[in-house]
Amino acid sequence: MERRACVWTWMGWTLGFAGCAAPGGVDYQGTLLTGVDMHLHTGDWSLIPPSTQLYLAERFPFPFNLDPEALAESALSAEGVVKQLDGAGYDRGVLFAVYAPHSVGVAPNEKVIAQVEQAPDRLYGLASLRVDQWQTDEEAELAALHEALDHPSMIGIKLAHAHQHFRMDDPDYYSIYELASERQAPLYLHTGPSPFPGTMAAAPYTDPLYLEEAITSHPDATFILGHVGYDFINKELGTLETCLSLAAAYDNVYLEPSALGSEGSDPTGENLKEIYRRIGEEGLIDRVIYGSDGPQYPGFLESYTERTVTAMEAADYTVDEARMVLSGNFETVFGVSP
């Protein structure tokens, strides 16, 4: 199937991406499939800690690194996100709220809701909450999370133990999982070591094995293991096998291989291929949900889609299996329709 070129204009630069997806879907073996990117970010550059601003700026390719603040403000807007969704052929996307003031920064629920409301037919949101003063603010933070989930487009909860500095097995925070069960709000959880400044590296913050007690004690909560335990520091598969074992053992566990397959985190693309191969071998294709961890910079969503399609083709996924990964499993887990 012929694919069109994407063209972006930024700071006077005209940039082309020749492999851009065909309009109205993701091309998989000649079939256009509906796609949903469940892992996207919004926010304000000013709410990102300076050390993380520097880290991000160093990762932006030329010419985007010339003015990282301008790029971030443009890319993280609803308009910028939708433009990238269009370029990659995606029908819908999900914006994450983030409360990690000591590592990756803050994108409050109110910001996500405001952005989602600018494109309600294209965007959903995942809510979050602060945990850095949990001993005194637990009740208030849970109430604020409840309120955010009352918005019809806020369909789940985002947590990142390594970024937010709380252990996966600490029962003091199990009230979050109880709320998720009560509200039937799937939980997205970052797993694996993170390269961002200010994150926790010890296993209880990164290894999903430490989530098993929460998973078993909250069977009505859905746990999505973000990044499938990838080690972003060493660019290795990390705790992939633990993620696969948890998904095989528990019906309420799903997998999401975002970010790890990017050119920066997986230069050859072989790790992403291996992950999709192992998912297929374990019979877990109905448990994997596509996400990119974009928008990052213009063209990122399109690039990540192409690398994912290549990985699924290398693992011999059928068109129907690719459809499950790109949208079907998301719609089942979150209870939404095209």
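To get the working numbering, take the position in the sequence shown, counting from 1, and add 748. Ideal Cβ placement from N, Cα and C applies to all residues, glycine included. Values in this document were obtained by computation on a predicted structure and should not be read as measured data.
Pick from the options that is closest to residue i, judged by C-alpha positions
i	options	result
Asp869	Ser1075, Gly841, Gly853, Ala896	Gly841
Gly791	Gly946, Val774, Phe1082, Phe844	Phe844
Pro856	Tyr847, Tyr953, Val864	Tyr847
His975	Asp839, Val854, Asp1041, Glu1030	Asp1041
Arg965	Ala928, Leu1049, Gly904, Asp898	It should be noted that the sequence gives Ser, not Arg, for residue 965. It is Ala928 whose Cα lies nearest to the Cα of Ser965.
Gly1009	Glu1050, Leu893, Glu1029	Glu1050
Thr939	Glu1030, Leu877, Leu959	Leu959
Val774	Pro967, Glu961, Met1072	Met1072
Gly1087	Asp885, Ser876, Gln881	The structure shown does not extend to residue 1087, since the chain spans only 749 to 1086, so no value can be given for it.
Val852	Ser901, Met948, Lys831, Gln932	Met948
Ser923	Pro941, His894, Gly946	His894
Leu985	Pro967, Tyr1024, Arg878, Tyr998	Tyr1024
Glu926	Ala962, Pro941, Pro945, Val829	Ala962
Val854	Arg878, Tyr776, Glu1069, Gln832	Arg878
Beta-carbon separation (whole angstroms), residue i vs residue j, contact threshold 8 angstroms
i	j	result
Gly1039	His787	3 angstroms
Thr990	Asp955	7 angstroms
Ala836	Gln863	Incorrect: roughly 18 angstroms between the Cβ atoms, too far for contact.
Val1081	Pro934	5 angstroms
Pro849	Asp885	Between Asp885 and Pro849 the Cβ distance is about 13 angstroms, and since that is not below 8 angstroms, they are no contact.
Ala896	Met902	5 angstroms
Local conformation of residue i per DSSP, three classes
i	result
Ala908	coil
Ala769	Residue placement at Ala769 is flagged as unreliable, the pLDDT there being 42, under the threshold of 50; a coordinate-derived value is accordingly withheld.
Met1072	helix
Asp834	helix
Ala848	strand
Asp920	helix
Met759	Summary for Met759: the model assigns pLDDT 42, below 50, so the residue's position carries little reliability; its value from the coordinates is reported in the next sentence. Three-state result, Met759: coil.
Arg870	coil
Leu843	strand
His975	helix
Thr779	strand
Gly853	strand
Met786	strand
His894	helix
Glu984	strand
Leu937	strand
Val879	coil
Ile1037	coil
Tyr958	helix
Residue i versus residue j - alpha carbon distance
i	j	result
Gln912	Gly778	42 angstroms
Gly921	Phe914	Per the sequence shown, the amino acid found at residue 921 is Tyr instead of Gly. If I take the Cα positions, the gap works out to 8 angstroms.
Ile1027	Ala891	37 angstroms
Leu957	Leu994	8 angstroms
Glu1004	Glu930	23 angstroms
Thr782	Pro943	32 angstroms
Ser1075	Ala950	33 angstroms
Asp918	Lys859	29 angstroms
Gly1047	Gln883	42 angstroms
Leu763	Gln1044	Here Leu763 scores only 42 on pLDDT, less than 50, and its place in the model is too uncertain to base an answer on.
Val1084	Ala908	24 angstroms
Asn1000	Gln932	12 angstroms
Asp898	Ile861	11 angstroms
Phe1078	Pro952	27 angstroms
Ala997	Met916	18 angstroms
Asp1014	Lys983	7 angstroms
Gly1012	Pro945	17 angstroms
Ile981	Gln866	36 angstroms
Is it true that the segment 1010–1026 meets the segment 1051–1067, where meeting means three or more beta-carbon pairs spaced less than 8 angstroms apart?
-> yes
Would you be able to state if there are at least three C-beta pairs under 8 angstroms between the segment 870–888 and the segment 970–990?
-> no
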